[in-house]
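To keep things clear, I will list the structure first and then write my remarks on it.
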Amino acid sequence: MIFGGERRAMSSLVMSARRLRAMYELAKESALREPPSSACVDPRGVFCNNTLSLHKISVYGFDYDYTLAVYTRAVNKLIYDLSMNRLIQHYKYPRGLLSVPYDPTFAIRGLHYDISNSCLLKIDAFSQIQNGTVFRGRKKLSRDDIINIYGSFSLPDTKGRDLMQLIDLFSLPWAGLLSTVVQYFDDNAITFDPHSMYQDVASSVRYVHSSGEMYRVVSANLEHYVHKNVGLKEYLSRLIANGKQLFMVTNSPFSFMSRGMCYMLGEDWRKYFKYIVVMAKKPNFFQGRAPFRSYHEEDDSLSYEKVTSLEKGKIYAGGNIAALSEQGLFKGQRVLYFGDHIYSDLADPMLMLGWHTAAIVPELAREIRLQNDDHYRNAVIWLQYLTLLIEEYQKYGGTDNETRQLITDWFEERTKLREQVKVMFNPQFGSLFRTFTNMTFFSRRLNRLSDVYTSRLPNMLKYSDDHTFFPRRSALPHEVAIPFQMHFIDSTLQI
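If you read the sequence shown in the numbering used here, its first letter stands for residue 66, the second for the next number, and so on.
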(Lines of atoms letter the chains of each structure in order from A; the text may use other names.)
(Lines give C-alpha, C1' and ligand atoms only; values in the text may rest on other atoms or scores of the structure.)
Protein backbone atom coordinates (compact mmCIF):
# COMPACT_ATOMS: atom_id res chain seq x y z
CA MET A 66 0.00 0.00 0.00
CA ILE A 67 1.23 3.48 -0.92
CA PHE A 68 -0.20 5.68 1.79
CA GLY A 69 2.29 5.31 4.66
CA GLY A 70 4.89 7.90 3.66
CA GLU A 71 2.30 10.50 2.65
CA ARG A 72 0.47 9.99 5.94
CA ARG A 73 3.56 10.84 7.98
CA ALA A 74 4.57 13.76 5.77
CA MET A 75 1.17 15.46 5.77
CA SER A 76 -0.33 14.55 9.11
CA SER A 77 -0.03 18.13 10.33
CA LEU A 78 -1.03 19.82 7.09
CA VAL A 79 -4.34 20.80 5.59
CA MET A 80 -4.69 18.47 2.63
CA SER A 81 -5.51 20.38 -0.54
CA ALA A 82 -7.76 19.04 -3.27
CA ARG A 83 -4.75 19.02 -5.58
CA ARG A 84 -2.80 16.74 -3.26
CA LEU A 85 -5.80 14.47 -2.81
CA ARG A 86 -6.19 14.14 -6.57
CA ALA A 87 -2.51 13.28 -6.81
CA MET A 88 -2.97 10.56 -4.17
CA TYR A 89 -6.01 9.26 -6.05
CA GLU A 90 -4.12 9.04 -9.35
CA LEU A 91 -1.16 7.37 -7.63
CA ALA A 92 -3.46 4.83 -5.99
CA LYS A 93 -5.28 4.07 -9.24
CA GLU A 94 -2.02 3.70 -11.14
CA SER A 95 -0.76 1.32 -8.49
CA ALA A 96 -4.00 -0.68 -8.51
CA LEU A 97 -4.01 -1.04 -12.29
CA ARG A 98 -0.34 -1.96 -12.26
CA GLU A 99 -0.78 -4.59 -9.56
CA PRO A 100 -1.37 -7.91 -11.32
CA PRO A 101 -4.22 -10.09 -10.16
CA SER A 102 -3.10 -13.16 -8.25
CA SER A 103 -1.15 -15.41 -10.58
CA ALA A 104 -2.95 -18.49 -9.28
CA CYS A 105 -6.58 -19.05 -10.22
CA VAL A 106 -8.89 -20.96 -7.91
CA ASP A 107 -9.94 -24.38 -9.18
CA PRO A 108 -13.73 -24.35 -9.77
CA ARG A 109 -13.72 -28.09 -9.06
CA GLY A 110 -11.83 -27.78 -5.81
CA VAL A 111 -12.96 -28.80 -2.34
CA PHE A 112 -12.87 -25.97 0.19
CA CYS A 113 -12.44 -26.35 3.92
CA ASN A 114 -14.17 -24.65 6.85
CA ASN A 115 -12.98 -27.06 9.52
CA THR A 116 -10.10 -29.54 9.49
CA LEU A 117 -11.20 -32.85 7.98
CA SER A 118 -8.95 -35.93 7.90
CA LEU A 119 -10.35 -38.45 5.44
CA HIS A 120 -8.16 -41.25 6.79
CA LYS A 121 -10.39 -41.20 9.89
CA ILE A 122 -13.58 -41.59 7.85
CA SER A 123 -14.90 -45.12 7.40
CA VAL A 124 -18.57 -44.35 6.64
CA TYR A 125 -19.87 -42.12 3.85
CA GLY A 126 -23.51 -41.02 3.68
CA PHE A 127 -25.29 -39.28 0.80
CA ASP A 128 -28.45 -37.38 0.02
CA TYR A 129 -29.88 -38.00 -3.45
CA ASP A 130 -31.35 -34.78 -4.87
CA TYR A 131 -28.65 -32.30 -5.92
CA THR A 132 -25.97 -34.48 -4.30
CA LEU A 133 -25.79 -37.84 -6.04
CA ALA A 134 -28.19 -36.54 -8.71
CA VAL A 135 -27.53 -33.15 -10.29
CA TYR A 136 -30.48 -31.61 -12.13
CA THR A 137 -30.42 -29.35 -15.15
CA ARG A 138 -31.99 -25.90 -15.08
CA ALA A 139 -34.98 -27.36 -16.89
CA VAL A 140 -36.16 -28.81 -13.56
CA ASN A 141 -36.65 -25.32 -12.11
CA LYS A 142 -38.83 -24.30 -15.04
CA LEU A 143 -40.78 -27.54 -14.73
CA ILE A 144 -41.49 -26.91 -11.04
CA TYR A 145 -42.44 -23.32 -11.82
CA ASP A 146 -44.84 -24.31 -14.61
CA LEU A 147 -46.48 -27.14 -12.67
CA SER A 148 -46.86 -24.96 -9.57
CA MET A 149 -48.31 -22.08 -11.59
CA ASN A 150 -50.86 -24.44 -13.12
CA ARG A 151 -51.79 -25.60 -9.63
CA LEU A 152 -52.25 -22.01 -8.47
CA ILE A 153 -54.56 -21.26 -11.38
CA GLN A 154 -56.54 -24.50 -11.51
CA HIS A 155 -56.90 -25.26 -7.81
CA TYR A 156 -56.67 -21.84 -6.13
CA LYS A 157 -58.31 -19.95 -9.03
CA TYR A 158 -55.54 -17.39 -9.50
CA PRO A 159 -55.85 -15.18 -12.63
CA ARG A 160 -55.08 -16.97 -15.90
CA GLY A 161 -53.24 -13.84 -16.96
CA LEU A 162 -50.31 -15.10 -14.87
CA LEU A 163 -49.60 -17.59 -17.67
CA SER A 164 -48.60 -14.71 -19.93
CA VAL A 165 -45.69 -13.79 -17.64
CA PRO A 166 -42.59 -15.73 -18.74
CA TYR A 167 -40.43 -17.52 -16.18
CA ASP A 168 -37.09 -15.76 -15.67
CA PRO A 169 -34.52 -18.33 -14.48
CA THR A 170 -31.92 -15.62 -13.86
CA PHE A 171 -34.00 -13.39 -11.60
CA ALA A 172 -33.29 -14.84 -8.15
CA ILE A 173 -30.47 -16.64 -6.40
CA ARG A 174 -30.57 -19.19 -3.63
CA GLY A 175 -30.32 -18.10 0.00
CA LEU A 176 -32.62 -15.09 -0.23
CA HIS A 177 -35.21 -14.35 2.43
CA TYR A 178 -38.87 -13.73 1.69
CA ASP A 179 -40.64 -11.24 3.93
CA ILE A 180 -44.18 -12.59 3.99
CA SER A 181 -45.84 -9.52 5.52
CA ASN A 182 -44.38 -7.09 2.97
CA SER A 183 -44.16 -9.52 0.02
CA CYS A 184 -40.48 -8.70 -0.52
CA LEU A 185 -37.47 -10.77 -1.55
CA LEU A 186 -34.31 -9.56 0.14
CA LYS A 187 -30.68 -10.49 0.62
CA ILE A 188 -29.29 -10.48 4.15
CA ASP A 189 -25.72 -10.72 5.35
CA ALA A 190 -24.26 -12.74 8.22
CA PHE A 191 -25.13 -9.96 10.68
CA SER A 192 -28.80 -9.67 9.63
CA GLN A 193 -28.11 -6.50 7.66
CA ILE A 194 -30.08 -5.92 4.47
CA GLN A 195 -27.91 -5.30 1.42
CA ASN A 196 -28.98 -2.07 -0.24
CA GLY A 197 -30.20 -2.59 -3.80
CA THR A 198 -31.25 -6.21 -3.22
CA VAL A 199 -34.81 -5.77 -1.94
CA PHE A 200 -37.54 -6.50 -4.48
CA ARG A 201 -41.30 -6.41 -4.27
CA GLY A 202 -42.27 -8.54 -7.22
CA ARG A 203 -39.78 -7.58 -9.95
CA LYS A 204 -39.49 -3.98 -8.75
CA LYS A 205 -36.29 -3.01 -6.96
CA LEU A 206 -36.99 -0.90 -3.89
CA SER A 207 -35.06 2.29 -3.30
CA ARG A 208 -33.12 3.09 -0.16
CA ASP A 209 -36.00 5.26 1.03
CA ASP A 210 -38.48 2.44 0.34
CA ILE A 211 -36.40 0.06 2.46
CA ILE A 212 -36.18 2.53 5.34
CA ASN A 213 -39.94 3.15 5.17
CA ILE A 214 -40.65 -0.58 5.43
CA TYR A 215 -37.97 -1.78 7.86
CA GLY A 216 -36.94 1.39 9.68
CA SER A 217 -33.26 0.68 9.02
CA PHE A 218 -31.05 -1.82 7.22
CA SER A 219 -30.67 -3.86 10.40
CA LEU A 220 -33.32 -6.53 10.94
CA PRO A 221 -34.32 -7.16 14.56
CA ASP A 222 -34.54 -10.76 15.75
CA THR A 223 -38.31 -10.46 16.13
CA LYS A 224 -38.63 -9.85 12.39
CA GLY A 225 -37.37 -13.37 11.75
CA ARG A 226 -40.82 -14.80 12.40
CA ASP A 227 -42.04 -13.37 9.09
CA LEU A 228 -38.90 -14.18 7.10
CA MET A 229 -38.59 -17.45 5.20
CA GLN A 230 -35.18 -18.35 3.83
CA LEU A 231 -35.23 -19.92 0.37
CA ILE A 232 -32.36 -22.22 1.16
CA ASP A 233 -32.33 -25.13 -1.29
CA LEU A 234 -32.10 -25.30 -5.07
CA PHE A 235 -35.76 -26.29 -5.38
CA SER A 236 -36.59 -22.88 -3.87
CA LEU A 237 -35.51 -20.98 -7.00
CA PRO A 238 -38.81 -21.59 -8.84
CA TRP A 239 -40.55 -20.79 -5.54
CA ALA A 240 -38.88 -17.34 -5.56
CA GLY A 241 -39.90 -16.95 -9.21
CA LEU A 242 -43.53 -17.72 -8.42
CA LEU A 243 -43.68 -15.29 -5.52
CA SER A 244 -42.15 -12.44 -7.52
CA THR A 245 -44.38 -13.11 -10.54
CA VAL A 246 -47.62 -13.23 -8.53
CA VAL A 247 -46.80 -10.12 -6.47
CA GLN A 248 -45.83 -8.13 -9.56
CA TYR A 249 -48.95 -9.21 -11.45
CA PHE A 250 -51.21 -8.30 -8.54
CA ASP A 251 -49.50 -4.91 -8.10
CA ASP A 252 -49.63 -4.13 -11.83
CA ASN A 253 -53.32 -4.95 -11.97
CA ALA A 254 -54.27 -3.27 -8.67
CA ILE A 255 -55.41 -6.59 -7.19
CA THR A 256 -55.53 -6.49 -3.40
CA PHE A 257 -54.41 -9.63 -1.60
CA ASP A 258 -53.56 -10.93 1.84
CA PRO A 259 -49.78 -11.57 1.76
CA HIS A 260 -49.90 -14.50 4.17
CA SER A 261 -52.66 -16.26 2.24
CA MET A 262 -50.87 -15.71 -1.06
CA TYR A 263 -47.64 -17.10 0.38
CA GLN A 264 -49.41 -20.18 1.71
CA ASP A 265 -51.07 -20.77 -1.67
CA VAL A 266 -47.71 -20.64 -3.46
CA ALA A 267 -46.05 -22.81 -0.82
CA SER A 268 -48.85 -25.39 -1.00
CA SER A 269 -48.68 -25.45 -4.80
CA VAL A 270 -44.93 -26.08 -4.82
CA ARG A 271 -45.23 -28.81 -2.19
CA TYR A 272 -48.08 -30.42 -4.12
CA VAL A 273 -45.92 -30.71 -7.23
CA HIS A 274 -43.56 -32.88 -5.17
CA SER A 275 -46.01 -34.75 -2.93
CA SER A 276 -48.38 -35.64 -5.77
CA GLY A 277 -45.55 -37.22 -7.73
CA GLU A 278 -46.27 -34.97 -10.71
CA MET A 279 -42.72 -33.67 -10.94
CA TYR A 280 -41.25 -37.13 -10.42
CA ARG A 281 -43.26 -38.59 -13.29
CA VAL A 282 -42.21 -35.89 -15.76
CA VAL A 283 -38.52 -36.06 -14.82
CA SER A 284 -38.44 -39.87 -14.88
CA ALA A 285 -39.93 -39.89 -18.37
CA ASN A 286 -37.15 -37.68 -19.76
CA LEU A 287 -34.02 -38.16 -17.67
CA GLU A 288 -31.63 -36.89 -20.33
CA HIS A 289 -33.40 -33.53 -20.32
CA TYR A 290 -33.59 -33.12 -16.56
CA VAL A 291 -30.64 -34.99 -15.02
CA HIS A 292 -26.91 -34.60 -15.63
CA LYS A 293 -24.88 -37.79 -16.00
CA ASN A 294 -22.64 -36.56 -13.16
CA VAL A 295 -19.50 -37.88 -14.80
CA GLY A 296 -17.05 -39.30 -12.28
CA LEU A 297 -19.69 -40.36 -9.76
CA LYS A 298 -19.34 -44.08 -10.50
CA GLU A 299 -15.55 -43.84 -10.29
CA TYR A 300 -15.68 -42.08 -6.94
CA LEU A 301 -18.15 -44.49 -5.34
CA SER A 302 -16.19 -47.44 -6.72
CA ARG A 303 -12.98 -46.11 -5.19
CA LEU A 304 -14.62 -45.74 -1.79
CA ILE A 305 -15.88 -49.33 -1.92
CA ALA A 306 -12.47 -50.60 -3.06
CA ASN A 307 -10.89 -48.87 -0.06
CA GLY A 308 -13.24 -50.62 2.36
CA LYS A 309 -15.61 -47.75 3.10
CA GLN A 310 -19.27 -48.26 4.02
CA LEU A 311 -21.80 -46.22 2.04
CA PHE A 312 -25.42 -45.37 2.76
CA MET A 313 -28.07 -43.14 1.19
CA VAL A 314 -30.88 -41.23 2.91
CA THR A 315 -33.31 -39.40 0.63
CA ASN A 316 -36.75 -37.86 0.89
CA SER A 317 -37.52 -38.95 -2.67
CA PRO A 318 -39.61 -42.04 -3.47
CA PHE A 319 -37.78 -45.18 -4.51
CA SER A 320 -39.02 -45.44 -8.09
CA PHE A 321 -37.92 -41.89 -8.90
CA MET A 322 -34.53 -42.23 -7.23
CA SER A 323 -33.88 -45.66 -8.74
CA ARG A 324 -34.48 -44.49 -12.30
CA GLY A 325 -32.03 -41.66 -11.78
CA MET A 326 -29.41 -43.95 -10.26
CA CYS A 327 -29.79 -46.43 -13.12
CA TYR A 328 -29.30 -43.57 -15.57
CA MET A 329 -26.12 -42.40 -13.83
CA LEU A 330 -24.58 -45.64 -12.53
CA GLY A 331 -26.26 -48.55 -14.28
CA GLU A 332 -28.78 -51.19 -13.25
CA ASP A 333 -26.48 -52.52 -10.53
CA TRP A 334 -26.31 -49.23 -8.63
CA ARG A 335 -27.46 -50.80 -5.36
CA LYS A 336 -24.15 -52.63 -4.96
CA TYR A 337 -22.53 -49.39 -3.81
CA PHE A 338 -24.71 -48.89 -0.73
CA LYS A 339 -24.99 -50.91 2.44
CA TYR A 340 -28.17 -49.13 3.51
CA ILE A 341 -30.73 -47.31 1.35
CA VAL A 342 -33.47 -45.21 2.96
CA VAL A 343 -36.20 -43.53 0.89
CA MET A 344 -39.07 -41.22 1.88
CA ALA A 345 -37.02 -40.38 4.98
CA LYS A 346 -38.86 -37.13 5.76
CA LYS A 347 -35.71 -35.20 6.64
CA PRO A 348 -35.13 -33.26 8.84
CA ASN A 349 -37.50 -35.34 11.03
CA PHE A 350 -35.37 -38.37 10.17
CA PHE A 351 -32.56 -36.86 12.25
CA GLN A 352 -34.79 -35.70 15.10
CA GLY A 353 -37.62 -38.22 15.50
CA ARG A 354 -38.09 -41.89 16.37
CA ALA A 355 -40.19 -43.05 13.41
CA PRO A 356 -39.81 -46.78 12.70
CA PHE A 357 -38.28 -48.19 9.55
CA ARG A 358 -40.58 -49.98 7.14
CA SER A 359 -39.49 -52.39 4.44
CA TYR A 360 -40.22 -51.21 0.92
CA HIS A 361 -41.45 -53.72 -1.67
CA GLU A 362 -40.40 -52.67 -5.14
CA GLU A 363 -42.62 -55.11 -7.02
CA ASP A 364 -45.87 -53.48 -5.92
CA ASP A 365 -44.61 -50.13 -4.56
CA SER A 366 -45.83 -50.91 -1.04
CA LEU A 367 -44.60 -50.72 2.53
CA SER A 368 -44.59 -53.67 4.92
CA TYR A 369 -46.73 -53.60 8.05
CA GLU A 370 -44.35 -55.90 9.93
CA LYS A 371 -41.88 -54.53 12.45
CA VAL A 372 -38.34 -54.09 11.16
CA THR A 373 -35.95 -55.42 13.80
CA SER A 374 -32.74 -55.23 11.78
CA LEU A 375 -31.53 -53.59 8.59
CA GLU A 376 -30.17 -55.83 5.86
CA LYS A 377 -27.65 -54.85 3.25
CA GLY A 378 -29.15 -54.17 -0.18
CA LYS A 379 -32.74 -53.93 1.00
CA ILE A 380 -34.77 -50.76 0.66
CA TYR A 381 -36.28 -49.09 3.72
CA ALA A 382 -38.65 -46.16 4.13
CA GLY A 383 -39.01 -43.68 6.97
CA GLY A 384 -37.01 -44.54 10.05
CA ASN A 385 -34.66 -42.44 12.12
CA ILE A 386 -30.97 -41.77 12.37
CA ALA A 387 -30.57 -43.27 15.85
CA ALA A 388 -31.70 -46.69 14.64
CA LEU A 389 -29.58 -46.42 11.48
CA SER A 390 -26.50 -45.48 13.50
CA GLU A 391 -27.07 -48.35 15.91
CA GLN A 392 -27.50 -50.89 13.11
CA GLY A 393 -24.49 -49.67 11.18
CA LEU A 394 -22.31 -48.90 14.20
CA PHE A 395 -21.88 -45.38 12.84
CA LYS A 396 -19.87 -43.46 15.40
CA GLY A 397 -19.68 -39.65 15.19
CA GLN A 398 -16.31 -38.62 13.81
CA ARG A 399 -16.06 -41.70 11.58
CA VAL A 400 -18.96 -40.53 9.40
CA LEU A 401 -18.90 -38.00 6.55
CA TYR A 402 -22.32 -37.03 5.21
CA PHE A 403 -22.85 -35.22 1.89
CA GLY A 404 -25.92 -33.08 1.20
CA ASP A 405 -27.07 -29.89 -0.49
CA HIS A 406 -29.56 -28.58 2.07
CA ILE A 407 -27.79 -26.78 4.90
CA TYR A 408 -30.57 -27.38 7.43
CA SER A 409 -32.33 -30.60 6.38
CA ASP A 410 -29.12 -32.44 5.44
CA LEU A 411 -26.25 -30.98 7.43
CA ALA A 412 -27.37 -29.23 10.62
CA ASP A 413 -28.54 -32.18 12.73
CA PRO A 414 -25.83 -34.66 11.64
CA MET A 415 -23.15 -32.16 12.68
CA LEU A 416 -24.73 -30.57 15.75
CA MET A 417 -26.54 -33.57 17.24
CA LEU A 418 -24.54 -36.57 16.05
CA GLY A 419 -21.03 -35.18 15.74
CA TRP A 420 -20.72 -36.31 12.14
CA HIS A 421 -18.51 -34.56 9.64
CA THR A 422 -20.49 -32.91 6.85
CA ALA A 423 -19.81 -31.87 3.26
CA ALA A 424 -22.03 -29.45 1.37
CA ILE A 425 -22.67 -29.72 -2.36
CA VAL A 426 -23.10 -26.19 -3.76
CA PRO A 427 -23.55 -26.34 -7.56
CA GLU A 428 -23.43 -22.53 -7.94
CA LEU A 429 -19.88 -22.51 -6.58
CA ALA A 430 -18.15 -23.45 -9.86
CA ARG A 431 -19.69 -20.56 -11.80
CA GLU A 432 -18.87 -18.03 -9.09
CA ILE A 433 -15.24 -19.15 -8.98
CA ARG A 434 -14.91 -18.86 -12.75
CA LEU A 435 -16.19 -15.30 -12.54
CA GLN A 436 -13.73 -14.52 -9.75
CA ASN A 437 -10.87 -15.91 -11.84
CA ASP A 438 -11.62 -13.41 -14.62
CA ASP A 439 -9.13 -10.51 -14.79
CA HIS A 440 -11.96 -7.99 -15.21
CA TYR A 441 -13.41 -9.03 -11.85
CA ARG A 442 -10.03 -9.16 -10.12
CA ASN A 443 -8.96 -5.74 -11.36
CA ALA A 444 -12.26 -4.25 -10.22
CA VAL A 445 -11.86 -5.75 -6.73
CA ILE A 446 -8.25 -4.56 -6.44
CA TRP A 447 -9.23 -0.98 -7.32
CA LEU A 448 -12.21 -1.18 -4.96
CA GLN A 449 -9.88 -2.12 -2.11
CA TYR A 450 -7.45 0.68 -2.98
CA LEU A 451 -10.27 3.21 -3.22
CA THR A 452 -11.74 2.11 0.11
CA LEU A 453 -8.38 2.53 1.84
CA LEU A 454 -7.94 5.91 0.17
CA ILE A 455 -11.29 7.10 1.52
CA GLU A 456 -10.61 5.62 4.94
CA GLU A 457 -7.30 7.45 5.22
CA TYR A 458 -8.16 10.85 3.74
CA GLN A 459 -11.85 11.42 4.51
CA LYS A 460 -10.76 13.44 7.56
CA TYR A 461 -9.78 16.24 5.18
CA GLY A 462 -13.25 16.46 3.66
CA GLY A 463 -14.28 19.44 5.76
CA THR A 464 -11.41 21.77 4.92
CA ASP A 465 -13.01 23.48 1.89
CA ASN A 466 -15.77 22.96 -0.67
CA GLU A 467 -13.47 21.59 -3.37
CA THR A 468 -11.94 19.01 -1.04
CA ARG A 469 -15.35 18.10 0.37
CA GLN A 470 -16.69 17.48 -3.15
CA LEU A 471 -13.67 15.37 -4.04
CA ILE A 472 -14.18 13.09 -1.05
CA THR A 473 -17.89 12.88 -1.94
CA ASP A 474 -16.96 11.86 -5.49
CA TRP A 475 -14.80 9.07 -4.11
CA PHE A 476 -17.68 7.74 -2.03
CA GLU A 477 -19.93 7.80 -5.10
CA GLU A 478 -17.33 6.02 -7.22
CA ARG A 479 -16.98 3.35 -4.55
CA THR A 480 -20.75 2.84 -4.49
CA LYS A 481 -20.84 2.42 -8.28
CA LEU A 482 -17.83 0.10 -8.23
CA ARG A 483 -19.40 -2.15 -5.60
CA GLU A 484 -22.56 -2.36 -7.70
CA GLN A 485 -20.46 -3.15 -10.78
CA VAL A 486 -18.82 -6.07 -8.95
CA LYS A 487 -22.18 -7.28 -7.62
CA VAL A 488 -23.95 -7.50 -10.98
CA MET A 489 -21.20 -9.69 -12.41
CA PHE A 490 -22.80 -12.54 -10.45
CA ASN A 491 -26.49 -11.66 -10.71
CA PRO A 492 -28.00 -8.33 -11.83
CA GLN A 493 -30.52 -8.27 -9.00
CA PHE A 494 -28.93 -9.98 -6.02
CA GLY A 495 -25.23 -10.50 -6.72
CA SER A 496 -23.23 -13.38 -5.24
CA LEU A 497 -24.67 -16.28 -3.28
CA PHE A 498 -21.74 -16.07 -0.87
CA ARG A 499 -21.18 -12.38 -0.10
CA THR A 500 -22.80 -8.99 0.07
CA PHE A 501 -20.81 -5.85 -0.73
CA THR A 502 -18.48 -6.48 2.21
CA ASN A 503 -19.62 -9.36 4.42
CA MET A 504 -20.50 -12.97 3.87
CA THR A 505 -24.18 -13.63 3.27
CA PHE A 506 -26.55 -15.23 5.75
CA PHE A 507 -26.35 -18.34 3.55
CA SER A 508 -22.54 -18.32 3.58
CA ARG A 509 -22.40 -18.01 7.35
CA ARG A 510 -24.61 -21.05 7.81
CA LEU A 511 -22.59 -22.93 5.20
CA ASN A 512 -19.39 -22.20 7.13
CA ARG A 513 -20.95 -23.23 10.42
CA LEU A 514 -22.61 -26.45 9.29
CA SER A 515 -20.17 -27.97 6.79
CA ASP A 516 -16.59 -29.06 7.27
CA VAL A 517 -15.96 -28.85 3.53
CA TYR A 518 -17.94 -27.76 0.49
CA THR A 519 -17.63 -28.22 -3.25
CA SER A 520 -19.67 -27.81 -6.43
CA ARG A 521 -20.21 -31.51 -7.19
CA LEU A 522 -19.53 -34.84 -5.54
CA PRO A 523 -17.03 -36.26 -8.11
CA ASN A 524 -14.67 -33.37 -7.27
CA MET A 525 -13.58 -35.58 -4.37
CA LEU A 526 -11.70 -37.72 -6.90
CA LYS A 527 -8.95 -35.08 -6.92
CA TYR A 528 -8.03 -36.08 -3.37
CA SER A 529 -6.91 -39.40 -1.93
CA ASP A 530 -8.99 -41.13 0.70
CA ASP A 531 -6.40 -40.28 3.35
CA HIS A 532 -6.18 -36.59 2.46
CA THR A 533 -6.45 -33.96 5.20
CA PHE A 534 -8.25 -30.70 4.40
CA PHE A 535 -7.15 -27.60 6.30
CA PRO A 536 -9.03 -24.29 6.58
CA ARG A 537 -7.25 -21.13 5.49
CA ARG A 538 -5.94 -18.79 8.13
CA SER A 539 -7.51 -15.42 7.41
CA ALA A 540 -6.75 -12.17 9.21
CA LEU A 541 -9.25 -10.93 11.77
CA PRO A 542 -10.13 -7.21 11.61
CA HIS A 543 -7.58 -6.39 14.34
CA GLU A 544 -4.81 -8.54 12.82
CA VAL A 545 -2.21 -7.64 10.23
CA ALA A 546 -2.85 -9.28 6.87
CA ILE A 547 0.45 -10.97 6.04
CA PRO A 548 0.92 -11.46 2.28
CA PHE A 549 1.82 -15.03 1.42
CA GLN A 550 2.28 -16.87 -1.81
CA MET A 551 3.58 -20.42 -2.16
CA HIS A 552 5.96 -21.12 -5.02
CA PHE A 553 5.89 -24.84 -5.65
CA ILE A 554 8.92 -26.72 -6.92
CA ASP A 555 8.39 -28.22 -10.33
CA SER A 556 7.58 -31.88 -9.77
CA THR A 557 9.68 -32.86 -12.77
CA LEU A 558 12.92 -31.64 -11.18
CA GLN A 559 15.35 -34.28 -9.98
CA ILE A 560 16.19 -33.56 -6.34
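From the three backbone atoms N, C-alpha and C, an ideal C-beta is built for every residue, glycine too.
| Check | Outcome |
| --- | --- |
| contact_flag[the region 402–412, the region 514–533] where n(CB pairs < 8 Å) is 3 or more | yes |
| Residue interval of the alpha helix (DSSP H) (run including F250) | S236 to D252 |
| Beta-carbon proximity of K309 to S123, cut-off 9 Å | yes |
| Sequence-distant residues of the same chain with beta carbon closer than 7 Å to Q485, five excluded per side | A444 |
| Start-end ranges of the beta strand (DSSP E) lying completely within the region 418–493, minimum 3 residues | 421–425 |
| Option in S95, P542, L522 and A540 with minimal Cα separation from L133 | L522 |
| Proximity winner among S81, T170 and S261, relative to L497 (alpha-carbon distances) | T170 |
| Runs of alpha helix (DSSP H) wholly within the region 291–378 (minimum 4 residues, chain order) | 297–306, 319–330 and 349–352 |
| The region 153–168 touching the region 226–237, judged by at least three CB pairs closer than 8 Å | no |
| Straight-line gap, M344 to E299 (C-alpha atoms, nearest Å) | 27 Å |
| Which of helix, strand or coil DSSP assigns to K204 | strand |
| K396 versus F200 - alpha carbon distance | 46 Å |
| Cβ-Cβ separation, L448 to R399 (assumed contact under 8 Å), whole Å | Incorrect: roughly 44 Å between the Cβ atoms, too far for contact. |
| Test item: CB-CB of V342 and F357 under 9 Å | yes |
| Buried or exposed by the 16-neighbour rule on C-beta atoms within 10 Å, applied to I212 | exposed |
| Residue from N114, R86, R109 and L206 with nearest C-alpha to T422 | N114 |
| Three-way DSSP call (helix, strand, coil) for F553 in this model | Because F553 sits at a pLDDT of 48, beneath the cut-off of 50, its placement in the model cannot be relied upon, and the point is left open. |
| Q230 - partner residues in DSSP beta bridges | H177 |
| Given S374 as reference, the closest of E362, A387 and E363 once Cα atoms are compared | A387 |
| Other residues of its chain near D251: CB distance less than 8 Å, five sequence neighbours each side excluded | R201, G202 and K204 |
| Spatial distance of L297 from L330 (CA atoms) | 8 Å |
| Three-way DSSP call (helix, strand, coil) for M88 in this model | helix |
| Cβ pair N141, G241 closer than 9 Å | yes |
| Minimum C-alpha distance to Y528 - residue among A82, L119 and M80 | L119 |
| For G126: DSSP bridge partner residues | F312 and Y402 |
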